[in-house]
Structure formats: C-alpha cells, structure tokens
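Protein chains: 2
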Amino acid sequence: MLSYKEALDVILDNTKTLGKEKVFLNQALDRVLAEDIVADRDNPPADNSGMDGFAVRYEDIVGASEENPVILTIEGESKAGGTPPKLQKGQAIPIYTGALIPEGADTVIQKELTKVENGKVYILKELKKGTNIRLQGEDYKKGDILIKSGKKIRPPEIGILASVNKPTVYVYQKPKVGIITTGDEILDIAEPITKQSQIRTSNTYSLYAQVLQTGAQPVIIGFAKDNPESIKENLEYAKNCDVLLTTGGVSVGEYDLVKDFVKEVLDVKIHFWKVSIKPGKPLVFGTWGKENEKLFFGIPGNPVASMVVFEIFVKPALKKMMGYQKLHNPTIDAILTEDFSRKSADRTEFIRLNVEYSDGQFYAKPFGKQASNILTGMVNANGLGIVDIDIYKIEKGSKIKVVMFDMDI
Amino acid sequence: MLSYKEALDVILDNTKTLGKEKVFLNQALDRVLAEDIVADRDNPPADNSGMDGFAVRYEDIVGASEENPVILTIEGESKAGGTPPKLQKGQAIPIYTGALIPEGADTVIQKELTKVENGKVYILKELKKGTNIRLQGEDYKKGDILIKSGKKIRPPEIGILASVNKPTVYVYQKPKVGIITTGDEILDIAEPITKQSQIRTSNTYSLYAQVLQTGAQPVIIGFAKDNPESIKENLEYAKNCDVLLTTGGVSVGEYDLVKDFVKEVLDVKIHFWKVSIKPGKPLVFGTWGKENEKLFFGIPGNPVASMVVFEIFVKPALKKMMGYQKLHNPTIDAILTEDFSRKSADRTEFIRLNVEYSDGQFYAKPFGKQASNILTGMVNANGLGIVDIDIYKIEKGSKIKVVMFDMDI
C-alpha cells in the first residue's frame, strides 16, 4: 500500500496545469496570473508633491527660521491633475499632495512650516533641497515587471492591474470538478426518508464547498444508486469535467462498483487504490481523457474521510491545475494540549484538532471522538494533526505538525 | 488625535450587526449562521456496521479461532439502504459498511477474519460483543444543537447543514459597500491620459477586491472630480448603501471637500478625523442613516494607506456587520530579519513585511521602501508589522507583532 507521501507524489506527478484564459478584473481575485504584468508608465508619472504646502526654490529659503522667516510672493497654484505655472525667483506656489512640481521649483515646504499673511507666505524653516518631492519613476519605471506570472492575485495585485490599465488579465483556467454521490442509502436534501437505514448526504455538499473554496468550479452530477445502470448513467454525464470526484463505493463490498465502471465508461487508468492513511484508506486515484490530463478521485464515503482526503490530496491537485505555486494548506507546529494515543500505528493518521494561537505559540486540542464517521467533530476543528506511521503516542506538551484547513486564528 | 486603539473602539462601538436573511446552501460558504442548527434525527439513525463482513450473534462465535473456526450458515444480506432479515441462531448475515445491524445480531466480524466455503462462513476469531457496530445516536441525538448561531460556515458546516435537511439557512446579511473615488487627477481604467499629471486609479479596485474578500458587496459608485457638483452627485448615489468608502479628498488641502459634503448630502455625523497611525493619518470616520446605523470611511488617497486603513479599520467593521465573532485579521509574532528604524515615533506605524513560517517560527522581512505611495511593496508583502508609538528601532532578531492580510503561508 502506498504511503501518504508516495500517494501525493503519484497524484501531483500526474496533474498538469491548465491553459490560460482572460478574465475581467472583478473575477480575478484569488486566481493565478498567467502573464507578467509590465508598467505602462513611470510611477509617479512626474515629480510631484508628497505634502500640502508651497513649492519653492531651495536657494530662496536658505536660512529661513521662525525668528527670521523668508517672505515669498504667492503665485498661482499646483493642484492634483492640473498644470502649474513656472516658478520665478522670490515666489512660492501653493501645492497639494500628488500635484506636479512646478518648473523652477526644487523643494516643497509643508503648510505647517509656513504662515500666510497679506498675500505673502512666511517660510518658517529651511528644509533640505528636494524635501517632500516624490520623484518620477521612484516607485517603478515604464517597462518594469511589476508582478510575475504565477503570482496569486490578491487586493494589492488588483490595485496594480488597474493602475497599469488592465481591465482584463490572463489567469490559469479553473477545473470543472464533477461530483457523483453513490449509495442506495444516500438521499439528497429534502428527499423523503422512507427507511430507517437511509442517510441524508453530507459529502456531496461538503465536497461542493471544498471545491468552491479552492477556487475551482463544482458540478453536482448526481446521486447514483448501487447498480450498474445508475452508476454508468452518472458517469456519462461526467465526461465534460476536468476532474471527477465520486463519494462512496470504493471499499471492498460487492456493491462498491465505482472502480470498475470508471474504467468501463471513462477509460480511467487507476494509479492506486488504497493509501496508508487514516481516515481515507480506500481512496482510488486515476487519470483519464485523451492525454490522461483528467483526474479521478474515488473518495471514501465516510464524511470525515471525505473531508480529509480532499484537503490533503484533492486540493493540492486542483491548485496545481490552477497554476498555484503553493499547493498545500499551511502546515504549522503546535503544542498538543492533551495526550494522544492509538492502538495500531500502521497508517499515517490525521486527527482533528482545534488550534489556537496565543503568546507566539500554536496550541492544539484534540477531540475525544476521532471515529471517522463523526462529522460534528469537524465543526470545532480547524486543523488536521499528522501522526506518522509507528507513532503510538504523542504526549501532552509535545509538538505535532498540523495541516490547517482554516487559518482564521 | 486618537490613537489606533481609540479609533478602533470608536468604529466598532458605532457598528451594528445587520439583520438576517435566508440563503441557499451554495451561497452559504463563509457567511455567518444566524440560527442554531438542530439535529432532525439521531445520527447514525440506527445501529449500523462499521465494516464489511458478517453480522453474527456473539454467543455463536465464542471461542472462534483460526484453528477452531466457528462455522455459520450464510443467510440473506444487509446492505446500505436495505432492510435485512432477522438473524437466527447459527446464522451469519453478510453486511456492508453503513448497513443496518439485523435484528438478533450484536456483533460484526470483518471480512478479513472470515473465510467462505460451500455456502458456509468460517469465523476465524472471537471478537468482543458489539465490535464493529456504530450505535444509533452515537454521533448526535435528535434535538441536539449541532452548530451554534454565530459560527462561520465552512465546508464541514455545509456538510452538516445538508445532512440535517437544510437547503436554505439563515445567515447575517452582507453590507452593500459603496466606493467613491475622488480627485481631478484620477482616471478610471482605459480612460485616455491627456496630462502627465494624471494617475490611473488603483484604490478603486483594490478596495473593491478587499470588500469582496471580506465577504461584503462592493458597489463602485463613481469617480468624483474636485468640485462640489461632482462630489454631491456621487454622494446622492450612495444613499442606498450601508457603508460608504471614499478614497482621496480627506487631507488639509483646499480641494479636500469630502468631509464637508458628506455632512451636507448624507447628514454624516463625523466621529473623528485623523488617527495617530502611519500611513493613513487623515482617515475620517462617521455614521449616518436614520439610526446612525450606516458607516462612512473617508480613506486617504495614497494606495498603501488605503489598503492599510481597510485591513485594520474597515474590515473589522464589515465583519461585525456580517455577524463574525472574529473581527480582526490574524495577528502573529514574528522574528524581524533586518533592523527597522525610523526618525519620528509619534504614530503607530504599519510596515509592510514578508512573513514566512519555517521550523515552527514566523520570520518577517521588511522592505527597503516604506513610503506610503509605493504600492508595489505590497505585492511581496503578506503582513503589516505594528511599530508602537515611542518605538524608534526594532533590532534584527527581535519579535514584532504582525497583522497578516494573507495567511497562505
């Protein structure tokens, strides 16, 4: 059976980044740039004032002080977006933040260091030549690469894209991720319950939300019953997806038909079935499509295994398809606040933890019930602690590596 | 002038949580629950099998071992979603994970501990009574509160909402956040540049993206020129917003008209103008509307100040409106990797940092250029280091508190 790391390598080695597409800026947040962003002008585009005050010639204000102010004639104005007059000897031009430095001026005296009386300005302090002037191109020069292809687009990048006149931008495409829920016992929301043994789905919608959160496009294909016709019909509808997720139907039971029919209907090449992890052991991974560019994940049906398998295996693959450089959830070291022990240590176990950050340190609290079917334990959890193979016990106060699925700490 | 903390208190004290609304489950991710979520059934709804194998009576298999297997007659089947027959003495019913425990059975022997020959099953090991049975209500009982009102909805919560039959759910409303960009010099994307002094907006769209990222609803009202008519016209269109953000026009310049006209047009009550922070000092905050339930932020025009002010003041207010319990960005302690010093220490300064996590520790690297107009520095940053008033220098290797605006570490 593959180890966690081996399985991850197989998945990522078989995952290809999708092509690019143009999107409008309002759709670009959290997408990944598929082009370098180049400055279309110098920034600032011209020398301008960093303060409200007066543009002056340095040589006119040498020696100015509160006791011996220099008195200058007020002339014209330089306001943002305007074109100021030329500054002559003995004059001062009122200027506002961001406004052009008038020709002839070389220094700006902020308002607080001046006094205006009878149409004259009193300069109360000598400042160094060039003070309060933001130089043309000081931030960047025309032609500079401001953001490299491959960067995740966040609000600062959106601001820069606007400022260099890019209402549309190339990003990597999102995969279309089909979700098929299997099992005779599984009902969709609002379907009437007719037998005590029926279960309402949680996986369909937790997977939907996980796909959405990853930035990919979820498609709920349907609910397949445990018979060949129903499974085949649903698989037919998955053909136009980039990634297929099935939930349930991958164990050793006679009704676990998914593995067989994905081969038959979609010509899926199975790379592995079963990984040495807990929960999530019966995971199936395959590739399909013309160039094996499409992915298949047969995800175990129990709700916690489903969430864990998505976070540690499916999400990194989807992120690679979307061009992300960081594929994995943040992994931090936390101090375990209670003992953890287990009876068998033949698999890498992912335990639900509630991680808090205080006094410069992460603390992780495990939950009593770690059974893989207890979804409610996920509500209080924000991370998955990794317990390596052969580790039977982690003592209170020891460090544990935690894959965080919610960094709102 | 108010301190950072005082300003934050004024803002949050004047911010009210909005009412609730019903949304479909596919829109509920990252919203905040405005109702308790109660279990509609026990979970599991009935005793069921945790393994594929055979349902048996414990008393029939006492003493079973590889050397002395117990031989039972195979009878019927219990599959997920089905209704099994009653188990009689001397019989074993094949059972699959999740399937109902047949009446009369009290133990499940996993397939691996059995052998089937000639229609009989050989039980190769005695297991404890009750082994591999998941008990009805073991996860939760009908009527239990599974998620409390006020919880942020993440994928696990979406899964639980589906499983308790909630296709729609009450969440707190999102504020509609109007954005007005001011300044004669500011052009929208794609507008032709006719003067060297004109600047293409970045703030309009970085604020748009920040509002979107916070989960609120951005509305780009327009671009106001520095004259009363243009400003008033734009403000008129802000009347149906819950929050108004203006960018620019809040300094001491004669063309900084926003403060005056928000009073005139929207009857904004100004709570403060200017905060002892850098960048972002000229921030204006006010409330308006029938019950002063609407917020106004006059955000300074320089791009970095705009981003900083949003992260530290506007975002927590929007989150409070949306019912979030955690209002602030995560704040971590990082080790500064280079000296930081400044000449004046009369304000709380927020310095752009690139924070990395390695070997259980956050490391923060400052950038050379900290001028508030240098937006490109934000591209490599993911956090804002807090330099308190009266602190002139933080040495390399010392700790610094960092407000993270991107936790993808």
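Top to bottom, those sequences are chains A and B. Residue numbering for the first sequence follows this note's numbering, starting at 777 and increasing by one per position. Residue numbering for the second sequence follows this note's numbering, starting at 777 and increasing by one per position. Glycine included, C-beta positions come from ideal geometry on N, C-alpha and C.
- Taking C-alpha positions only, Ser978/B is separated from Val1038/A by approximately 49 Å.
- Residue range Val1060 to Trp1064 is occupied by the beta strand (DSSP E) that includes Gly1062/B, with no alpha helix (DSSP H) assigned at that position.
- Among the CB atoms of chain B, none fall inside 8 Å of the CB of Pro1092/A.
- For a Cβ distance threshold of 8 Å, residue set Gln972 and Ser973 of chain A lies close to Leu876/B, ordered along the chain.
- Within the region 1150-1162 of chain B, the residues whose Cβ lies closer than 8 Å to some Cβ of chain A are Ile1150, Leu1151, Thr1152, Met1154, Val1155 and Ala1157, listed in chain order.
- The residue among Tyr916/A, Gln949/A and Arg930/A with its C-alpha nearest the C-alpha of Ser982/B is Arg930/A.
- As computed with DSSP, Met1097/A is found in no beta bridge at all.
- Counting every other CB atom within 10 Å of its CB across the protein chains shown gives Leu1020/A a total of 16 or more, marking it as buried.
- Assignment of Gly1153/B by DSSP, reduced to helix, strand and coil, places it in the helix class.
- Using a Cβ distance threshold of 8 Å, Gly1099/A and Gly954/A do not count as a contacting pair.
- In the same chain as Thr990/A, and ignoring 5 residues on each side of it, the C-beta atoms closer than 7 Å to its own belong to Lys1091, Leu1094 and Lys1095, in chain order.
- Sequence-ordered contacts of the region 984-1017 of chain A with chain B read Tyr984, Ala985, Gln986, Leu988, Gln989 and Asp1002 [C-beta pairs closer than 8 Å].
- Here Tyr984/A is near Asn802/B, since their CB atoms are less than 8 Å apart.
- Contact with chain B is absent for Gly839/A, since none of that chain's Cβ atoms lies less than 8 Å from the residue's Cβ.
- Between Gly1173/A and Leu1129/A, the C-beta gap is not smaller than 8 Å, which leaves the two residues out of contact.
- Within chain A, the residues placing a beta-carbon under 8 Å from that of Gly959/B are Ala856, Gly857 and Gly874, ordered along the chain.
- Closest by C-alpha distance to Lys1169/B, out of Gly919/B, Ala1121/B, Asn1158/B and Tyr1139/B, is Ala1121/B.
- Bridge partners of Glu893/A according to DSSP: Lys896/A.
- With fewer than 16 other beta carbons inside 10 angstroms of its own, Thr859/B counts as exposed.
- The criterion of a C-beta distance shorter than 8 Å is not satisfied by Val884/A and Lys952/A.
- Between Thr890/A and chain B, the shortest Cβ-Cβ separation is not below 8 Å.
- Taking 8 Å as the cut-off, the Cβ atoms of Val1044/B and Phe1089/B do not count as close.
- Its chain contains Thr883 and Ile885 as the residues whose beta carbon lies nearer than 7 Å to that of Leu903/B, once the 5 sequence neighbours on both sides are disregarded; these appear in chain order.
- A straight line joining the alpha-carbon of Ala783/A with that of Phe1048/A spans about 8 Å.
- In the DSSP secondary-structure assignment, Met1180/B is bridged to Gly1159/B.
- For Val1019/B, the secondary structure class from DSSP, reduced to helix, strand or coil, is strand.
- Pairing Ala1140/A with Val1178/A gives a Cβ-Cβ distance under 8 Å.
- For Phe1143/A, the secondary structure class from DSSP, reduced to helix, strand or coil, is coil.
- At a C-beta separation below 7 Å, Ser982/B has these neighbours in chain A: Pro931, Pro932, Ile934 and Gly935.
- Out of Glu811/B, Ile1046/B, Leu889/B and Glu879/B, the CA that lies nearest to the CA of Ser854/B is found in Glu879/B.
- Secondary structure at Pro1004/A: helix, using DSSP grouped into helix, strand and coil.
- Annotation: the continuous beta strand (DSSP E) that includes Ile921/A extends over Ile921 to Ile923.
- Sequence-ordered contacts of the region 1053-1070 of chain A with chain B are nonexistent [C-beta pairs closer than 8 Å].
- For the C-beta of Met1083/B, the chain A residues within less than 8 Å are, from N- to C-terminus, Pro931, Pro932 and Gly935.
- At a beta-carbon threshold of 8 Å, the residues of chain B lying near Gly1136/A are Ile1108, Asp1109 and Lys1175, ordered along the chain.
- For Pro821/A, a Cβ of chain B is located within less than 8 Å of the residue's own Cβ.
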